[in-house]
Each structure stands twice: as C-alpha cells, then as structure tokens.
Amino acid sequence: MKEKILSSSEFKSLVRSKNAISLILTMAELVVYFGFVLLIAYNKEFLSQKIYGPVNVGIPIGIGVIVVSWIFTGIYVAWSNKKYDQKVAEIKEKLGGE
Amino acid sequence: MQTVLGQPTLTGIFFFLLFVSITLYITYWAAKRTRTTTEFYAAGRSITGLQNGLALAGDYMSAASFLGIAGLVSLKGYDGLIYAVGWLVGWPIVMFLIAEPLRNLGKYTFADVVAYRLKQRPIRTAAATGALITVLFYLIAQMVGAGSLIKLMFGLPYEIAIIIVGCLMIAYVLFGGMLATTWVQIIKACLLLGGATLLVLLTLYKFGFNYLELFSTVTTQYGEKFVQPGGLITNPLDAISLGIALMFGTAGLPHILMRFYTVPDAKEARKSVFYATGFIGYFYILTFTIGFGAAALVGQEIIKKIDKGGNMAAPLLAEALGGEIFLGFLAAVAFATILAVVAGLTLAGASAVSHDIYVGVVKRGRADEKQEVRAAKIATLCLGILAIILGIVFKGQNVAFMVGLAFAVAASANFPALLMSIFWRKFTTQGAVWSIYTGLTLSVVLIILSPTVWVDILKNPQAIFPLKNPGIVSFFASFAMGILVSLLTQEKEAEAKFESEKIRSYIGVGAE
Numbered sequence: 001m002k003e004k005i006l007s008s009s010e011f012k013s014l015v016r017s018k019n020a021i022s023l024i025l026t027m028a029e030l031v032v033y034f035g036f037v038l039l040i041a042y043n044k045e046f047l048s049q050k051i052y053g054p055v056n057v058g059i060p061i062g063i064g065v066i067v068v069s070w071i072f073t074g075i076y077v078a079w080s081n082k083k084y085d086q087k088v089a090e091i092k093e094k095l096g097g098e
Numbered sequence: 099m100q101t102v103l104g105q106p107t108l109t110g111i112f113f114f115l116l117f118v119s120i121t122l123y124i125t126y127w128a129a130k131r132t133r134t135t136t137e138f139y140a141a142g143r144s145i146t147g148l149q150n151g152l153a154l155a156g157d158y159m160s161a162a163s164f165l166g167i168a169g170l171v172s173l174k175g176y177d178g179l180i181y182a183v184g185w186l187v188g189w190p191i192v193m194f195l196i197a198e199p200l201r202n203l204g205k206y207t208f209a210d211v212v213a214y215r216l217k218q219r220p221i222r223t224a225a226a227t228g229a230l231i232t233v234l235f236y237l238i239a240q241m242v243g244a245g246s247l248i249k250l251m252f253g254l255p256y257e258i259a260i261i262i263v264g265c266l267m268i269a270y271v272l273f274g275g276m277l278a279t280t281w282v283q284i285i286k287a288c289l290l291l292g293g294a295t296l297l298v299l300l301t302l303y304k305f306g307f308n309y310l311e312l313f314s315t316v317t318t319q320y321g322e323k324f325v326q327p328g329g330l331i332t333n334p335l336d337a338i339s340l341g342i343a344l345m346f347g348t349a350g351l352p353h354i355l356m357r358f359y360t361v362p363d364a365k366e367a368r369k370s371v372f373y374a375t376g377f378i379g380y381f382y383i384l385t386f387t388i389g390f391g392a393a394a395l396v397g398q399e400i401i402k403k404i405d406k407g408g409n410m411a412a413p414l415l416a417e418a419l420g421g422e423i424f425l426g427f428l429a430a431v432a433f434a435t436i437l438a439v440v441a442g443l444t445l446a447g448a449s450a451v452s453h454d455i456y457v458g459v460v461k462r463g464r465a466d467e468k469q470e471v472r473a474a475k476i477a478t479l480c481l482g483i484l485a486i487i488l489g490i491v492f493k494g495q496n497v498a499f500m501v502g503l504a505f506a507v508a509a510s511a512n513f514p515a516l517l518m519s520i521f522w523r524k525f526t527t528q529g530a531v532w533s534i535y536t537g538l539t540l541s542v543v544l545i546i547l548s549p550t551v552w553v554d555i556l557k558n559p560q561a562i563f564p565l566k567n568p569g570i571v572s573f574f575a576s577f578a579m580g581i582l583v584s585l586l587t588q589e590k591e592a593e594a595k596f597e598s599e600k601i602r603s604y605i606g607v608g609a610e
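Residue numbers (the numbering used here), protein chains in the order written: chain Z, 1 to 98; chain A, 99 to 610.
This is the structure in structure tokens:
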C-alpha cells in the first residue's frame with residue numbers, strides 16, 4: 001500500500017504543490033517582514049513622510065505587516081481546505097490507507 | 099492624577115479570587131479525566147481548532163507583551179510597534195512549514211518529530227536539552243516579571259507574589275494536566291482580548307471615535323518624532339538579528355509546539371494557527387492604541403513615575419478611564435495572564451523531562467503509561483519549585499535578555515533541526531545532534547558576550563560580541579552545521595524511513 005501511494009503521480013503532485021505553496025508564502029512573509037525591518041534601519045525618512053494629517057507612511061505599513069501576515073495564513077487555510085484536503089481524500093479513496 | 103495602583107483594592111482582590119476559584123474548579127473537573135499520557139500531555143486530543151487558537155494566543159500573549167508593548171508605545175511611540183510586529187510574524191511561518199507535519203508526525207513533544215526516523219536516544223537528549231533551556235529562560239523571565247508586576251499592582255511583597263504564582267501553576271499542571279492548562283489559557287485569552295478591547299473603546303470614546311484626533315493629541319503633546327521610527331533600531335544588523343530570533347523563535351518554542359497535539363488532526367491544527375494569528379494580530383493592534391491612549395490621557399510623566407519601564411501604562415489608562423473597578427479587573431487579568439503562561443511553560447518543560455529524557459533516554463522507550471504520568475508529575479513539581487526559587491534569586495534583574503535568549507535558543511537550537519528532519523531526506527542523526535548543540539551553545543555564549551549581558555549586567559566597558567541578539571549568527575550556524583555533518587555522515591535507514599514519514603506527514607496516515 002505504502003509503495004503504491006509513494007509511487008503514484010497523485011501523491012507526487014500533492015507533495016509538490018504543498019511544498020510550492022509553503023515555500024512561496026514563506027518567502028513572501030520573509031520579504032514583507034524583513035523589508036519592513038530594512039526600511040526602519042535604512043530609510044526612516046520614507047516612513048516619516050506624512051500622508052494624512054498627523055499620520056505618516058510608517059503607521060499603515062507597520063499595521064499592514066500584521067494584517068498581511070494574517071491574510072497570508074488565511075490564503076494558506078483557504079487553499080488547504082479547498083484543494084489539499086480534497087486531493088488527500090482522493091488519494092486515500094483510490095489507494096487505500098487509513 | 100491620583101492612583102490606587104500599588105495598593106490592594108477590594109475590587110482587585112475580588113476579581114483575582116474569582117479567577118482563581120474558577121480555574122481551580124476547572125482543574126478539579128479536569129483532574130477526573132486526566133489519567134493516561136494522552137490526557138495529561140495532550141488533553142486527550144479533544145480540543146477544537148478555535149479553542150486551541152485561543153489557547154495558543156493565550157500562551158503567546160504574555161504579560162510582557164501586553165504591559166510591555168503598551169508601555170513601550172506610550173514612552174517611545176512608533177518604536178513600540180516594531181516589537182509588536184516582530185512578535186507576530188513567526189506565526190505564518192509556523193503555519194506554512196511546521197503545524198501540519200508536526201501534528202501528523204509527533205505524539206507529545208517536538209522531539210518526537212525530530213527523532214521520528216533518526217536514532218532515538220541522542221536526538222531526544224539533544225532536543226530535550228534545547229527545549230528545557232528555552233523553557234527555563236522563558237519561565238524565569240515570566241516569574242521575575244510576575245513578582246514585580248504584582249508588587250506594583252496589588253502591593254504584595256515580591257516573594258509572596260512569586261510563591262502564589264508558583265503554587266497555582268503547579269496545581270493546574272499537576273492535577274489538571276493539559277486539559278486544565280488549556281482551559282486556563284482560553285479563559286485568560288478571552289479576558290485579555292475583552293479587557294483590551296474595552297480599554298480601546300473607552301479611549302476612542304474620549305476622542306469621539308476619531309483615530310486622527312488621538313494621533314493629533316499625541317503629536318502636539320510629544321512632537322512629530324513620537325509617531326516616527328526613532329532610535330530604537332540603530333544598527334541594521336542588530337535589527338535583522340532580532341527579527342530572525344523573533345520570527346523563527348516562535349516556530350521553536352516548545353510550549354507552543356506542544357499545543358498542536360491537543361487537536362484531533364492536521365486540519366484542526368491548521369485552523370488553530372489561523373485563529374491564533376488573528377487574535378494575536380488584533381491584540382497587538384489594540385496594545386498599540388492603548389499605548390498611544392496612555393501617552394495622551396495619562397501622560398508620560400506619571401507613567402514613568404510609577405514604573406521606569408512604562409509597564410504600568412495600560413493599568414493607569416484603565417484607572418483613568420474606568421476607575422478603580424476597571425483597574426482591579428485589569429490587574430486580575432494581568433495576573434491571570436502570567437499564571438496561564440507559566441502553566442503552559444511548566445507543562446512543556448515537564449514533558450521534555452518525562453517523555454523525552456525519562457522514557458525515551460533512561461527507559462529506552464520501555465515505560466508504561468502509569469510510570470510516565472508519574473514521572474511527568476514529579477517533573478512538574480520539581481520545575482515548579484525551581485521556578486519559584488529562580489524567580490526569587492533573579493529578583494530585580496533585567497529580564498529582557500532572558501526573553502531574547504529564550505527566543506534565540508528556540509530559533510537556533512530547536513527550529514533548524516525540526517525543519518530539516520521534516521523536509522530533508524539526507525538529514526542524519528549526527529547532523530541533528532550537531533545542529534542542536536551548535537545553535538544552543540552559540541546562542542548562549544554569544545548573548546553572554548553581547549552588550550546586554552557583558553556590558554549592562556557584568557559592567558565591562560566593551561562587549562566582545564557587538565550585537566544584542568545572537569540570532570543571525572547562531573541560526574545560520576546551526577543550519578550550516580546540520581547540513582555539513584549530514585553530508586559527511588550517511589544514514590541509509592533514516593533515508594529509507596523518510597519515504598514512509600512522507601505519507602504520514604502529508605496525508606496523515608498513521609497519525610495519532
């Protein structure tokens with residue numbers, strides 16, 4: 001049973017797509033966060049520009065990093081619930097394994 | 099402004115006793131259903147995604163992050179936000195890389211996952227050491243924080259406060275195991291989220307629910323600089339190093355990782371991270387507003403007079419807006435927060451001792467459930483007493499470096515080995531052992547040589563290691579060492595097992 005699952009093209013594509021999603025989202029999160037850190041370190045002037053009244057660029061960006069992190073995890077959950085779990089169920093049904 | 103902070107008030111004591119009696123009742127209820135190891139370590143895997151999300155948030159939102167970040171924002175403005183952001187960004191990493199495989203591969207501790215296809219004894223010894231050191235430093239920081247906070251809020255002597263905290267946490271874990279600990283976390287998370295929301299609503303009410311008004315007030319009072327990034331991050335390398343420790347440390351904290359075994363399957367584990375990220379993110383945005391509100395409505399002078407570090411900004415704001423009752427409520431919430439976090443930490447530490455070291459290493463995997471639960475309870479008691487003693491010994495110390503160290507060790511010793519064992523076929527036992535010990539030693543040694551300890555505590559004129567946080571060196575060194583040693587050694591058996599591990603990791607076949 002194990003060999004059958006491991007050598008099936010469905011399982012291989014499942015592993016590939018899951019790793020791809022994980023890697024892309026991880027990279028995106030790293031870029032967002034370390035981008036923010038580097039802005040603070042190297043370009044304080046940019047963050048200090050005013051956009052509306054007393055509010056400057058840095059405030060929506062800072063809060064934005066928190067919100068974006070949540071959206072990313074939301075994207076991952078939505079993908080897993082729709083695509084991933086369905087594929088897992090298909091593999092289990094076709095090749096057995098409980 | 100007159101404040102009753104620092105004196106025990108009737109409302110404060112009332113809310114405190116209410117919380118303690120409810121949680122002790124839960125412990126009594128949980129004790130009746132905590133017999134087996136699964137029940138003791140993992141609440142019988144009966145927790146739902148939403149409940150676990152709240153409990154994860156409860157484990158993570160420590161008093162340091164609530165009172166500390168609100169205080170930092172009230173004194174430093176924008177720079178406080180930088181910390182709040184750093185504390186959140188590890189959660190997506192937990193979600194994308196480790197939550198599901200961890201749930202599918204492990205049983206009670208993250209060492210289960212690292213040791214899954216490698217040699218049990220050396221891995222369990224190494225991983226449990228990493229887990230214990232992380233837990234201990236985090237625990238000491240929480241205990242010392244607890245003592246000083248309770249002293250400030252209720253006026254209780256430091257030592258008495260530590261002993262009360264210690265005894266309550268021992269009771270929760272010893273009798274109620276993970277089930278009681280989880281429910282203490284859930285209640286605390288709800289109280290904290292509710293209390294902070296109320297505080298923000300009352301603050302915004304003062305400004306006619308116009309956020310811009312609040313901003314204008316703080317900028318006229320403290321100048322434009324207050325809402326701009328300032329001097330907190332001066333050395334970019336230091337900022338990146340701290341960022342690495344915070345981000346990957348979250349994904350290596352044993353008490354957080356342990357929570358993934360309390361849910362029935364990977365799907366619920368996934369959901370719980372989503373909820374936790376939402377709750378924690380929302381909460382940090384609230385603390386940001388609370389900090390600004392305290393700066394505007396209480397004023398920095400009073401905040402600093404009560405506590406130099408600004409830790410009392412949130413309670414002072416509560417008193418200014420809701421009087422003694424709200425202060426009493428918030429004081430009790432802060433107390434609850436500390437209790438819940440130390441209970442979670444103690445349970446994680448006890449499981450590393452009993453499940454990994456006693457059963458895995460000493461008994462070579464051959465111990466029955468009764469023996470294992472007994473070992474876990476003895477470990478709980480010892481850890482609890484140790485926490486009380488260390489809390490008293492470290493009285494008055496700056497604990498920020500201990501939290502930094504806990505995150506640096508978690509990011510350098512625990513996370514790389516965990517990640518490589520899940521994703522890399524050629525990872526070997528030797529590689530894992532070297533990776534863990536390299537990360538562990540480097541992070542501890544470098545933090546001693548860093549300005550935080552070498553200059554601030556040991557009073558030397560110049561630091562040997564220039565960065566405040568060792569993350570950037572120890573994190574990458576741990577990976578490099580793990581890769582190098584794995585390439586130099588070969589483990590055919592581990593490679594073969596990687597395939598069957600894949601089935602379990604990706605589709606959950608055979609997962610408990």
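A virtual CB, placed ideally from N, CA and C, is assigned to each residue, including glycine.
With 16 or more other CB atoms across the displayed protein chains lying within 10 angstroms of its CB, residue 283 of chain A is buried. Residue state for residue 50 of chain Z is assigned as strand, using DSSP reduced to three classes. The way I'd put it, the segment 133 to 150 of chain A doesn't touch the segment 212 to 228 of chain A; fewer than three beta-carbon pairs between them come closer than 8 Å. Closest option to residue 586 of chain A, judged by alpha-carbon separation, among A/553, A/351, A/532 and A/364: A/532.
Our two residues, residue 62 of chain Z and residue 294 of chain A, have alpha carbons roughly 20 Å apart in a direct line.
The residue among A/274, A/568 and A/560 with its C-alpha nearest the C-alpha of residue 121 of chain A is A/274. Contact annotation: in the segment 177 to 194 of chain A, residues whose CB is within less than 7 Å of a CB in chain Z are 179, 180, 183, 186, 187, 189, 190, 191, 193 and 194. Around residue 287 of chain A, the same chain offers 152, 155 and 156 as residues with beta carbons nearer than 6 Å, after the five sequence neighbours per side are excluded. The Cβ neighbour count for residue 468 of chain A, taken over all protein chains shown within 10 Å, is under 16; the residue is labelled exposed.
Residue environment for residue 240 of chain A: buried (at least 16 other C-beta atoms within 10 angstroms of its C-beta). DSSP lists no beta-bridge partner residue for residue 496 of chain A.
Residue pairing for residue 55 of chain Z: DSSP places it in a beta bridge opposite Z/52.
Judged by their CB atoms, residue 537 of chain A and residue 510 of chain A are nearer to each other than the 8 Å cut-off. For the pair residue 393 of chain A and residue 172 of chain A, the CB atoms are nearer than the 8 Å cut-off. A distance of 8 Å or more separates the beta carbons of residue 87 of chain Z and residue 3 of chain Z. Contact holds between the segment 448 to 467 of chain A and the segment 476 to 490 of chain A, because three or more Cβ pairs, one in each stretch, are under 8 Å apart.
The closest CA to that of residue 575 of chain A, considering only A/512, A/604 and A/610, is found on A/512.
In this structure the segment 171 to 185 of chain A lies against the segment 378 to 387 of chain A, because at least three pairs of beta carbons, one per stretch, are closer than 8 Å. Between residue 465 of chain A and residue 527 of chain A, the gap from beta carbon to beta carbon reaches 8 Å or more.
Contact between the segment 28 to 47 of chain Z and the segment 341 to 356 of chain A is present, with at least three C-beta pairs closer than 8 Å. If you draw a straight line from the Cα of residue 325 of chain A to the Cα of residue 181 of chain A, it comes to about 14 Å. By the criterion of a C-beta distance shorter than 7 Å, residue 423 of chain A is surrounded in its chain by 109, once the five residues flanking it on both sides are discounted. Against chain A, the CB of residue 62 of chain Z has a partner CB under 8 Å away; the residue lies at that interface. Under the 8 Å criterion on CB atoms, residue 44 of chain Z is classed as interfacial with respect to chain A. Around the beta carbon of residue 470 of chain A, a 10 Å sphere encloses 16 or more other beta carbons of the protein chains shown; the residue is thus reported as buried.
Secondary structure of residue 216 of chain A (DSSP, three-state): coil. Sequence-distant partners of residue 483 of chain A (beyond 5 residues in either direction) whose C-beta falls short of 6 Å from its own C-beta are missing from its chain.
Scanning chain Z for C-beta atoms nearer than 8 Å to the C-beta of residue 326 of chain A yields 44, 47, 48, 56 and 58, reported in chain order. The C-beta distance from residue 501 of chain A to residue 158 of chain A rounds to 12 Å, too long to meet the 8 Å contact threshold. Residue 80 of chain Z reaches chain A at 368, counting residues in chain order whose Cβ is nearer than 7 Å. When the alpha-carbon of residue 79 of chain Z is set against those of A/365, A/389 and A/455, the nearest one is in A/365.
One finds 73 in chain Z with Cβ atoms closer than 7 Å to the Cβ of residue 371 of chain A, taken in chain order. Counting only the Cα atoms, residue 175 of chain A lies some 19 Å from residue 38 of chain Z.
Contact of residue 295 of chain A with chain Z by beta-carbon distance below 7 Å is absent, the smallest such distance being about 16 Å. Here the alpha carbon of residue 253 of chain A sits roughly 14 Å from the alpha carbon of residue 432 of chain A. Counting only runs of at least 3 residues, the segment 414 to 486 of chain A fully encloses no beta strand (DSSP E) element at all.
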